[in-house]
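These notes are about the structure you will find just below.
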Amino acid sequence: MPQNKRESLIYTVLMCFTMVLWMSLYNVALQYGAVSLEVVAAAWLGFPIAYVFAMCCDWFLVSRLAKGFAFRFLVRPQDSPLKKVVCVSGCMVVPMVLIMSLYGACEGAVHTGMWSGVPLQWLINIPRNFVMALPFQLLIAGPLVRRVFRRAFPEGTVLA
2 MPQNKRESLI YTVLMCFTMV LWMSLYNVAL QYGAVSLEVV AAAWLGFPIA
52 YVFAMCCDWF LVSRLAKGFA FRFLVRPQDS PLKKVVCVSG CMVVPMVLIM
102 SLYGACEGAV HTGMWSGVPL QWLINIPRNF VMALPFQLLI AGPLVRRVFR
152 RAFPEGTVLA
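Counting with the numbering used here, you get residues 2 to 161 for the letters of the sequence shown.
Here it is in structure tokens:
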């Protein structure tokens with residue numbers, strides 16, 4: 002886990018990049034009904050704006066709320082690092098799925114002009130995104146990003 006604000010920002014940049022890229026590919030593939038180079042191109046084209054939006058939501062809102070909830074209700078200081086990581090990750094995924102599912106519904110409305118369909122599309126997006134985001138976060142993105150992060154910032158080192 003990050004030890005200070007600088008490390009926390011770097012960790013968030015890495016995690017957000019990984020999650021938004023994967024979820025963008027996933028959602029575009031769902032929209033197109035297949036995986037192809039066209040899907041990758043479309044996902045990559047929409048990625049920068051989604052990434053900036055997700056980073057802002059994560060850094061300024063969700064992270065604080067998720068960690069506060071996890072450490073108040075789910076974990077104690079003496080709990081294992083694994084339990085802390087799993088609880089905080091789960092608490093991060095839920096609000097980010099809610100927010101980014103709405104973002105996706107709005108992005109779709111920008112392309113189609115069908116703003117009246119946003120609430121229904123948002124409700125459809127939530128379970129679709131949740132079933133992919135939570136396992137991906139816990140099983141792939143989390144371990145991968147933590148490994149990369151810890152190689153760059155070994156615990157116990159002080160980097161100015």
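Cβ coordinates follow ideal geometry from the N, Cα and C atoms, glycine included.
Output the boundary residues of the alpha helix (DSSP H) element that contains residue i.
{"i": "Q122", "result": "119 to 137"}
{"i": "V1", "result": "A question about residue 1 goes unanswered here, because the residues of the chain that appear run from 2 up to 161."}
So, for residue i: in the same chain, excluding its five sequence neighbours on each side, which residues have a beta-carbon less than 8 Å away from its beta-carbon?
{"i": "V86", "result": "M2, G143, R147"}
Keeping to the same chain, check which residues put their C-beta closer than 6 Å to that of residue i; ignore five residues upstream and five downstream.
{"i": "F74", "result": "none"}
{"i": "E108", "result": "none"}
Could you check what DSSP says for residue i in three-state terms: helix, strand or coil?
{"i": "A110", "result": "helix"}
{"i": "I141", "result": "helix"}
{"i": "D180", "result": "Outside the displayed span of the chain (2 to 161) sits residue 180, for which this structure offers no information."}
{"i": "F48", "result": "helix"}
{"i": "Q4", "result": "coil"}
{"i": "G34", "result": "coil"}
{"i": "A161", "result": "Its pLDDT being 46, under 50, A161 is placed unreliably by the model, and the measurement read from it follows with that caveat. Coil, per DSSP."}
{"i": "M115", "result": "coil"}
Round the Cβ separation of residue i and residue j to the nearest angstrom and send it over; I've been treating them as touching at under 8 Å.
{"i": "A55", "j": "C17", "result": "5 Å"}
{"i": "L15", "j": "V149", "result": "6 Å"}
Excluding the 5 residues flanking residue i on each side, which residues of the same chain have their C-beta closer than 7 Å to its C-beta?
{"i": "L103", "result": "W123"}
Would you check if the segment 33 to 48 and the segment 2 to 12 touch, i.e. whether three or more CB-CB distances between them fall below 8 Å?
-> no
Is it a yes or a no for the segment 129 to 145 touching the segment 50 to 70, going by three-plus beta-carbon pairs under 8 Å?
-> no
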